[in-house]
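A short write-up of the structure that comes next.
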Amino acid sequence: MEATSRVNAFSKALRVIQSCINREQLKVAEKYVTLFEKMFPEGRKAEQMALVLYLKIKERKRLL
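For any residue, its number in our numbering is found by taking its place in the sequence shown, counting from 1, and adding 721.
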């Protein structure tokens, strides 16, 4: 069950990041990723997912 909810949270975080149209929204997306890390603190997979999300935020910042 946890793996499914982790994947759902990850997918939602990606959608949130991709929908950001300004830096203020991106700050909120960053908070979402921080929350993701707190919800799923253990495991290599969750760690990798969080790193991917932070990378996507960084990429999005360059576009804005």
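Yeah, the Cβ is synthetic: ideal placement off N, Cα and C, and Gly gets one too.
Cβ distance (whole Å) where Val754 is taken to contact Tyr775 below 8 Å: 6 Å
Buried or exposed: which applies to Val737, given that a residue is buried once 16 or more other Cβ atoms fall within 10 Å of its Cβ? buried
By DSSP, does Ile742 sit in helix, in strand, or in coil? coil
How many Å lie between Ser732 and Met770 at the Cα? 10 Å
Return the residue from the list Lys759, Ser726 and Asn743 that minimises the CA-CA distance to Lys782. Asn743
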